[in-house]
Each structure stands twice: as structure tokens, then as C-alpha cells.
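Number of protein chains: 8
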Amino acid sequence: MSKVAVIMGSTSDLPVMQEAIDILKGFDIEVEVDIVSAHRTPEKLFDFGKNAHKKGFSVIIAGAGGAAHLPGMVASLSPLPVIGVPVKSSNSIDGWDSVLSILQMPGGVPVATVALNGAKNAGILAAQIIGSSDRCVLDKIEAYKEGLKEKVIKGAESIKKGK
Amino acid sequence: MSKVAVIMGSTSDLPVMQEAIDILKGFDIEVEVDIVSAHRTPEKLFDFGKNAHKKGFSVIIAGAGGAAHLPGMVASLSPLPVIGVPVKSSNSIDGWDSVLSILQMPGGVPVATVALNGAKNAGILAAQIIGSSDRCVLDKIEAYKEGLKEKVIKGAESIKKGK
Amino acid sequence: MSKVAVIMGSTSDLPVMQEAIDILKGFDIEVEVDIVSAHRTPEKLFDFGKNAHKKGFSVIIAGAGGAAHLPGMVASLSPLPVIGVPVKSSNSIDGWDSVLSILQMPGGVPVATVALNGAKNAGILAAQIIGSSDRCVLDKIEAYKEGLKEKVIKGAESIKKGK
Amino acid sequence: MSKVAVIMGSTSDLPVMQEAIDILKGFDIEVEVDIVSAHRTPEKLFDFGKNAHKKGFSVIIAGAGGAAHLPGMVASLSPLPVIGVPVKSSNSIDGWDSVLSILQMPGGVPVATVALNGAKNAGILAAQIIGSSDRCVLDKIEAYKEGLKEKVIKGAESIKKGK
Amino acid sequence: MSKVAVIMGSTSDLPVMQEAIDILKGFDIEVEVDIVSAHRTPEKLFDFGKNAHKKGFSVIIAGAGGAAHLPGMVASLSPLPVIGVPVKSSNSIDGWDSVLSILQMPGGVPVATVALNGAKNAGILAAQIIGSSDRCVLDKIEAYKEGLKEKVIKGAESIKKGK
Amino acid sequence: MSKVAVIMGSTSDLPVMQEAIDILKGFDIEVEVDIVSAHRTPEKLFDFGKNAHKKGFSVIIAGAGGAAHLPGMVASLSPLPVIGVPVKSSNSIDGWDSVLSILQMPGGVPVATVALNGAKNAGILAAQIIGSSDRCVLDKIEAYKEGLKEKVIKGAESIKKGK
Amino acid sequence: MSKVAVIMGSTSDLPVMQEAIDILKGFDIEVEVDIVSAHRTPEKLFDFGKNAHKKGFSVIIAGAGGAAHLPGMVASLSPLPVIGVPVKSSNSIDGWDSVLSILQMPGGVPVATVALNGAKNAGILAAQIIGSSDRCVLDKIEAYKEGLKEKVIKGAESIKKGK
Amino acid sequence: MSKVAVIMGSTSDLPVMQEAIDILKGFDIEVEVDIVSAHRTPEKLFDFGKNAHKKGFSVIIAGAGGAAHLPGMVASLSPLPVIGVPVKSSNSIDGWDSVLSILQMPGGVPVATVALNGAKNAGILAAQIIGSSDRCVLDKIEAYKEGLKEKVIKGAESIKKGK
């Protein structure tokens, strides 16, 4: 069974990151959540990054704000795919700092970056990564996409009726 | 055997995207390359996106510049993980247009975005996605990371000797 | 009789897009409104884009936020002039993502982009496009511009009196 | 017969704007070219803007760089649809000044803005505007789009052969 | 006696522009206020710009938001020094559009640009321009600067006491 | 007789600032040029700023790049109008640093900012400031503006002939 | 005994700068607070900068907003290390102006810049500078870092319990 | 005797970072240079950061480009003051990524950031930090600043002679 780690730099990131946790649970994928701060708990970061693939995780989702080093440092330490979520924290310069600190990784060490505060998409992407070798999860993703479609169709109908 | 599709909006994107192809071949991962333009060949885009997972692909890498819609539209059509490479094309506004057009996808449809012109990292990320369920590829990634380390160590030594 | 399609990616775009609908109705131009999501209903997008000019539309107005692909994809599929409205959605990076995703289209596939949240101007521009071959609509635009002028003149007078 | 005016702020804009002229001629649409500077020939601007629709023009294409006021001022003076081309001039701040000066028009006075240096797309958009009421031009646009498609298909083939 | 014109694109700019009016009155400099919209009242703009120096004005202060063309167009029409105030209007992209539309004027037609919403400084600058040839106004500016200094000194004292 | 001071932070700014000197000489206005570095010669800055108005200068033009403090510091010290020229120096971040360091002055201490590298316009603006109380200089500005117009008209003619 | 000066351009900067004062007091480091405005009290700035190292200060922390010249001007006048705090003031353009005005100092005159509104970090950095030659302060910094770690560990535990 | 560590993420950063080394040697301060990559040699980073203060270093200068994590991660691991140099690397987005990744550190872990490619200033700042408790180094800094002044004075003279 595949398992996803959802880590973040601070408890204040949890309201944003909860969306990743919820969507993964909706796909019946096991999630483990932890606070790992690149800047305040570097030893925990090293321990986590070095061992994640040995603990049965398939994918790591890491969220952080400002000069966000957590996703990139975990990607430096782990051979697993790392998904980075730029979080728009309170003293951020409109989110640009978190986006660029996560996205612009040097050649050799990728981070799969999603939109600013895009934790939901990080969860879906983790499921897609698992789904790329697990037919059952792939089917759930197709069903999920079908659900998105239906919601739009209904929205379109209600608008036409409203006029 | 896993297979990766590397598609791009125009032949002019090939010099950038070649790095993804090369790194995947270095990992002995099968690659198929194609030109699919969201704006000039929408039917081909539709056909490609709808069928990629049926043709045995595990991951899709899509590169595009300017108002880059290819990665997001493929992600809309396919249940597979899609990696987006923002390409700094000639009339781009310093690359910001490609970065934001690929990164800022709405909730429900993620694109795993890498750095501007970061095709090499897109290739590594695709390998990591395959490696998350394929021990043999995971080992190759660990070896690759070991190689990166050695190169830095050697660089450090040559600098110390030089002084 | 000319007819304008006003489409948008999500019902949440309606408060912004309503201004386009209202101004067109004010010019007695027929409007049809629909929700078409490039990312969640790609089949509907294809169907809409391929057939809009056969259904009697003269102009298409498409609004979307974030990595806004709807205007560009409709422009890819339709020979009609497409007006794009960048919508400042909730997780947008200050609107830059929608502006650049719509504006920076590659050579061959233009989108007539208006200001951020500029749906009103999209409606006027659609009327001007119709007016370019319809004397009666052109006259209404001239009258509308005359009205703008009068409002400014009155504002100027009230300020002078107020002092 | 429809006729398009292509104006620009300076002769130094001509290399960029020539693409609009060429594409319109390719569609057999009559073009008239002129230099009209908002800042150096305001009287000519005024005269041009006030009378363009009386001289048989259907669409105006206006290109300018830096604090680009030409497209917006012509739109202020004329009831015709005005297409603005932001030109990346030598002392521009990476083109942002021309883009924002043309795009961010206030409610009431739209400019149909295309990409930075996107004169080719301005020409196509002008043709689409004419085509929205002229079946013959619409057919040419559909043929043009078909041509774009074929070029991509050929590019894709050559890449596959090359591998 | 020197006289300053304070014009703005819309009555909604008045709360910002009032600071220019107030500071000039504080210097006992005559002020005339008017609404002149580049985009909605181009004839009034032309008339104002062409004649301001004949009506006894020494300096023109012009405030506008978004694609702000008023200061630049007045500078195009008048030989007088024109001070431009970028106003952060409601649909502005964080004020960047007004700043760049006013600041980045082409060679030959300067606008003396002040900070975003910096109407107060526009008023002081107008007074300094008059003061450059009017000893009495220059003295008032020196006194004003002395006042600024005293306020800071008092603030510093109150902080020291407070600790 | 009015006199203008043209100062700059470094001899490397001279190629840009020369345009201000040339245009002022073209208007027969006396110019004095000096290097005054806010960061490297603060005492000279202080001395210059405190005494400029006593030495017969009417206007000060100050050019600087990067974190450009020269124009603002001179404005802090002198009651004269100060025109700031943001210079795009070699390690500048695309000129944004010089533009914002000069433009965004706090309330009370204005700098009349011109475009990036806009030294020519700084010279014209200085002439306009002098011209606001000197009929003879005002006439020269009107003649200069007439010259700009003629050049555009000739450019327009040559383009029409060329076609 | 080492002593730190905390200066700022305006009393309105105090709420932000207080964090620097508090953290330094927490490290038992002597602090002196003053208001010194580069633009409104240039004489006080000169006096302060010229004499700070003679009055027993080891480090200067300077906070300012907008076109923030205080940190750079103090660095120009003093041989001491100067820490600059960009303050996001009310009329700032999202803080970019203060960041760039402080960070982008020319070669020869460094300012140690911290994050936007990062006064707390300025205080810690000042303590680290003192600690680099004072074992006792270095120990306190190590203890402080240990405290940061523990807070994260506790946050992580509470999250795990909460689930 | 004080000692400074100059580290950088890659040998390609050396041409920029050499300026820090040279200026420190000019102040007769001992320098040790090393390549430490946060992303490719995380163990070396960890070892370096944990032990730098035990090896006799007083200050650490760390340079890196793109998503630059080296300065922040060293600051996380070491109690010493860390000076960060944003390097404008080849695939950087105009340097914004390195600037923001280094500057925008979270509360608790400061990095003393200097200008883009500002390695020379990093060296001077390191000397100033040492000089804050070492009278002899402080004297050298005062002499250095005197030298800067003289160079400007000579530049000013040569310009005046040239005219």
C-alpha cells in the first residue's frame, strides 16, 4: 500500500495544507502529517529526508512560506518525488518569495511545484503519481475528474435557468 | 516497462526539451517525443491527452513558452501525472508568462511545474515518479544523486588546490 | 442579427463577467452565457470552440482566472475574434497569472485582451467589433461615448461648485 | 471593402509592426500605414482618431512602446475597434511599461491588446474582426489556421524521423 | 502671481488629489481644480493642454490611475512643466500600471512623476518650481522643511520619554 | 540668468547623463556638472545640497543607479526642485531598484522622477521649470516641440513614399 | 559591553521595529532607540552616522519604508556594520520599494538587509555579530536556537495528537 | 585572529564570489574558500554548518543562485552571522529567485543579505563585523572608506577638466 508524507514548516501552514490531507483521504490513500522546519529543526529535516523512502512513503508533499527551503532540502536528501506547495505566509512579498524559492531548483534536484496555496492540487498530484503504477487509484482519479465535469455542467445549467 | 511522453508546443522548444530526453535515456527509461501544439493542433492535443494512459505512458512531460497552455490542457485531459516545463521563448516577458501559465493551475487539475527551462529536472522528476514504485529505477536515482555529490567534492578540491 | 457568446471558466467568475452581459444588453445585442471550463470540461470546450461560428455568433468573450487557458483555447478552436477577460480570482498572484496567460498568446492565435476584471470593456469591444460592419451599432457606440463625456463634464461642474 | 489602418508612434516601431501589415496583405485586406505620435503630433492624433471611421476603416491597429498612449488615445477618439500592440522599445523596462499602458484601460474605453511585439497577431485579429461579418475573410482565416496545423504536423514528423 | 492647475481623470481621484490642493493653499499659491479625462473627454484635454500656459498657469499637476494617459497627454500639448501623480485605483494591478504609464515617457516629452498616491509631494514640487524663481515661495518651502524636522525631533523625544 | 546643476553618483553615469547636459546647452541654459556620491562622499553631498540654492542654481538634476539615494538626499537638503534620473547600472535588477529608490519618496520631500535612463527628459523638464517664469525659455520649448512634430511628419512621409 | 542602536525613519515604524528592541533585550544587550529621518532630519543623520562608533555602538539597526535611504546613508557615514530593515509602509508598492532601496547598495557600502518587516531577525543578527567575538552572547544564541527547535517539536506533537 | 569562511553552491559561482575573497585579503583577514552545495552535498552542508564556529570562523559568507538555499541552511545550522550573496546564475529569472530565496528568511533565522552579485560588499560587511570588536580592522575600514572618497573626488576633477 502506498503512503504519502505531508510535511510543513510550521503549524501555521496547516490550514492551507489540510486540503492536501483531505483529498488524499478521499482517495483512500494513507497520509502521515508532520511539522519539519528546515530552519528551526535541521536535524529532523535531515533524518526525515534521508529515511522517508525506507519508511514506505511513495511521495512527499512539503509546504512552506517565505524563503521556503523545506521542499528543496527534502528533495536534496530523498530519492522520492517531492511536491512543493508555496504557502502565502503573513510577511511574504505577495507569495513571490515562496513560489520562486520552491520552483527555481538547480539542475539535478527537482521539486514538483504547484500553485500558490495549491495544497489540494498537491494531494491530487500525489494520487496521480501513485496512480501511474496503481490501476485502482488511476480509476479513482478518472472518477474524480468526471465529478469536476459534472459540477461545471450543473453550474452552467443553473446559470441558464437563472436568466 | 514504464514509458514517458515528452511533448512540446513547437520544434523551437526542442533544444531546451532535449535535456529531459537525454536524462531519461540515461536512466534507461523509454521516451517518446512529439510536437503537440495546444493552439495550432488542438485536435492532436485532445487525442493525445485522452489516450496517453491507454498507450502505456506513466508520466507526461510537456514544455511550452509564452501563454503556455499545453501542460495544463494535457493535465485536463489525462489522469496521468503531467510535468510542465516553462520554456523561455523569444517574445516571452522574461519567462514570467510561461512560468505563471503553467504553475497557477486551478484546484482539481495539477501540473507538476519545474524551473524555467528546467527540462533536465523534468526528466529526473519523471524518473522519480517511476522510481516511487520501481525499486530498480529508485536505485538509479540514488546513484545519480551520489554522482552529483562527487562532482561537487571534486570541484571543491580543485578550488583548494588552485589557491 | 449579430450575437455574442459570453463564457467563463467557473460560476465564481459571473460577478465580474456580468458587466459584459449588461453592457451588451444595453446596446440591444443578443447575448448567450455559458460556463465552459478548459480544465474541467475539455470536451465542452472543444465542442463550443469548433461550432461557435456555425451557431451565429460574431464574437466570443471568455473570462478566466489564474492559469487562464479558456480564452486561448477557444481562440485556438474558433475562427471568430475572441476577447479575453483576465479575472482576479482568489488564489491568483495579484492577477499577473491571468493577465499573462491570456495576453501572451503565440504568433498565429490572437486573443484580444482587456484589463484585469475588465468585463465591461470586453462588452464594449464586442459591440465595436459588430459596429465595424453595422452602422446602427456604431451609432450606439458614438452615443455611449457621448454619455461618458457628459458624465465627466457634470462631475467637473459639481467639483467646481463644491469649492 | 474593409480597410485596416496600421499606425505607430515612431518609425523605429516599423520593424515590429511590419508583421501586421504583411499578414493583412496575405489576407488581401487593404492596409494604410502611418506614423502618428500621441506625444509629438497630438493634433495629427486627434485628427486621425476623430475621422478614421469616416474614411472607411473598419479596424485600427496601433503600436507603441514605453508609456504607450497611442492605442488608448485613438480608442478614446474613435468608435472603431482599436487593437494595441505593446512594442518593446530600447529604454522600456522589459516591456512591462508598454504592456500595462495599453492593457489597463479604464472602463468605457477598451483597447484589444495583444502580446508584447505581437504585431502578427494584431493583423490576424483585425482579419478576424472583418471576418466576423465577411464570410470570404472568415474562410481565409480557417485556411490560415489549417496551414498552422500542417506546419506543426510536418515539424512533428521531421523530429520523429530525426530520432 | 503664479497659479497651479490640479486636474485629474475622474472625481474618484479627488480624495488622493486633495492633498496637492491643500498643501498648495498652505503655501498661499492659487489653485484651480478640474476633471479632465484623457479617455472620456479628449476634446477638453486638447483644449486644456493647448491653452494652460496662456491662462496664467505656471505648473500643471495631473493625477490618474490604471493606464494613466492624462499626465503624458497634457505634457504632449503644453510647454509647461507637468507633474504626474500615479493614483492607485480600484482595478489597478497594485499601482504598477499607473506608475509605468506616467513615468516611462519617451524622449522629448517629460512628466515629473511622484510616488504612487503622492499628491502631497506633487503640491510641494509645484511650489518648489514656483519657488525656483520666487524668493518668497522659496522661503516658505524652507520654513516647511524646518517644520518637518521639528516634528521628527519631537517624535524622537516622545519615544525616548516613553521608554 | 538661470543655471542648472547636473550631478551624478559616479563617472560611469556620465554617458547616460550627457543627454541632459546637451539638451540644456541646446536651450542656451548654463549647466554645471559634478560627481557627488551619496554613499562615498556624504560630506560633499551635504555641502552641495545645503548650498545649491545660494550658488544661483534654479534646478538640480541628479542621476544614480541601484539603491539610488543621491536624488532623494539632495531633495532632503535643498529647497530647490530636484529632478531624479534612474540610471540602469550594470548590477541593477533590470532598473527596478533605481526607479523605486528615486520615485517612492516619502510625503514632504518630492523628487521629480523621469523614465529609466531618461536624462534627456530631465534636461527638458529643467528647461520647462525655468521656462515657467522665463518667457524666452518657454518660447524655445515651444520651438523644440514644433521640431519634434516636424520630424515625425517627415518620418511618416518617408514611410508612405517607401511603400 | 556591546551596545546596539535601533533607529528608524518615523515613529510610525516603531510597531515593526519594536521586535528588534525586544529580542535584543531578551539577549541582555543594551539598546538605544532613536528617530532619525534621512529626508527630514539630514543633519541629525549626519551627526548620528559620523559618531555612532565613537559612542560605543557595535552595530546599527536602521528601519525605513518606501524609498528607504536611512540604512544606506548611515552605512555611508559609519564604519560599523549596518543592518537594514525594509518596512512595508502604507503607500509602499507592496514593499518592493523599501526592499530594493536598502538591498541594492553599490560596491563599497554594504547594508546587511533582512526580510520585509523582519525586525526580529535584525535583532538576532545584531546579537550574532556581537556573539562572533563574545562567547557569552554566542551561547545565548545557541540556547535561543534550541528554543526554536523545541517549539517546532511541540507543535509537531500537538498535531499528531490532534489527528 | 578572526577568520572568514567563503562558501558557494557551485564552482560556477566563483567568478562572482572572488570579489569577497579579494577584499578580505586586502584587509589582511584570513579566508577559507569551499564549495558546499545545499542540494547536492547536504551532508557536507550539515557538517560545515554545525562546526564552523568551532573551527574559529567569525563570519560565514555564502553565495548561491536560483532557489538559493545555501545561506539560509547554513544560518539554520550555525550560531554565527551568515552573509548571503544572491548570485545571478544562467537560468535565474533575472535574479529575483536568488534575491528572494536568501532575503525572505522566517523569524528566528536571519541571513544578512547583500545586493545581487554583491560579493564585494559581503567581504566588506564581514570585515565590518570583525571590526565591530577589533579596533585595528575598524581603522582599515575607515581608511578604505577614505579611499572611496578620494576616487570620487578625482573622478569629479577629471570631468571638470574635460569640459
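Which chain is which? The protein sequence lines are A, B, C, D, E, F, G and H, in order. Quick note: to get our numbering, add 84 to the position in the first sequence (first position is 1). Quick note: to get our numbering, add 84 to the position in the second sequence (first position is 1). Quick note: to get our numbering, add 84 to the position in the third sequence (first position is 1). Quick note: to get our numbering, add 84 to the position in the fourth sequence (first position is 1). Quick note: to get our numbering, add 84 to the position in the fifth sequence (first position is 1). Quick note: to get our numbering, add 84 to the position in the sixth sequence (first position is 1). Quick note: to get our numbering, add 84 to the position in the seventh sequence (first position is 1). Quick note: to get our numbering, add 84 to the position in the eighth sequence (first position is 1). Yeah, the Cβ is synthetic: ideal placement off N, Cα and C, and Gly gets one too.
Mind checking residue i: buried by the 16 CB within 10 Å criterion, or exposed?
i, result
"M189(E)", "buried"
"L110(F)", "In the sequence as displayed, the identity of residue 110(F) is Gly instead of Leu. By the 10 Å Cβ count, G110(F) comes out exposed."
"R124(D)", "buried"
"E103(B)", "buried"
"M85(H)", "exposed"
"S94(D)", "buried"
"G191(D)", "buried"
"A227(G)", "exposed"
"D112(G)", "exposed"
"G246(A)", "exposed"
"G149(C)", "buried"
Going by DSSP in three states, residue i sits in which element: helix, strand or coil?
i, result
"P126(A)", "helix"
"M189(C)", "coil"
"I237(H)", "helix"
"K172(C)", "coil"
"S162(A)", "coil"
"D181(E)", "helix"
"F141(H)", "strand"
"D131(C)", "helix"
"M85(B)", "coil"
"V117(D)", "strand"
"V90(C)", "strand"
"G215(C)", "helix"
"G246(D)", "helix"
"A152(G)", "coil"
"G202(F)", "coil"
Which same chain residues, not among the five before or five after residue i, have their C-beta less than 7 Å away from its C-beta?
i, result
"N201(C)", "V100, V171 and K172"
"G179(F)", "P170, K172 and L200"
"I107(E)", "K204, G207 and I208"
"A98(D)", "The sequence shown places Leu at residue 98(D), not Ala. So the list reads M92, once near-sequence residues are dropped."
Excluding the 5 residues flanking residue i on each side, which residues of the same chain have their C-beta closer than 6 Å to its C-beta?
i, result
"G215(H)", "V221, L222 and I225"
"S96(A)", "none"
"K134(F)", "L161"
Within 7 Å: the Cβ of residue i and any heavy atom of the ligand PLP?
i, result
"L108(A)", "Of the ligands one can find in the structure shown there are none, so the ligand PLP has no counterpart to examine."
Can you grab the Cα-Cα spacing for the pair residue i / residue j, in whole Å?
i, j, result
"A210(D)", "I177(H)", "34 Å"
"D118(E)", "K204(B)", "59 Å"
"I186(H)", "V236(C)", "49 Å"
"V115(F)", "K229(C)", "48 Å"
"A240(H)", "N175(G)", "36 Å"
By Cβ distance, which residues of its chain are closer than 8 Å to residue i, with the 5 residues on each side in sequence left out?
i, result
"L248(E)", "With chain E covering only 85 through 247, there is no way to say anything about residue 248(E)."
"L129(E)", "V120, S121, A122, L154, M157, V158 and L161"
Under 8 Å by Cβ, that's how I've got residue i and residue j pegged, so tell me the actual separation to the nearest angstrom.
i, j, result
"V198(F)", "I167(F)", "7 Å"
"A159(G)", "V183(G)", "The Cβ separation is near 16 Å, so there is no contact."
"I105(C)", "F132(C)", "That belief does not hold up - the Cβ atoms of I105(C) and F132(C) are roughly 17 Å apart, past 8 Å."
"I213(B)", "I213(A)", "5 Å"
"A151(G)", "D181(G)", "6 Å"
Whose Cβ in chain K lies nearer than 7 Å to the Cβ of residue i?
i, result
"P165(A)", "Absence of chain K from the displayed structure is noted, the protein chains being A, B, C, D, E, F, G and H."
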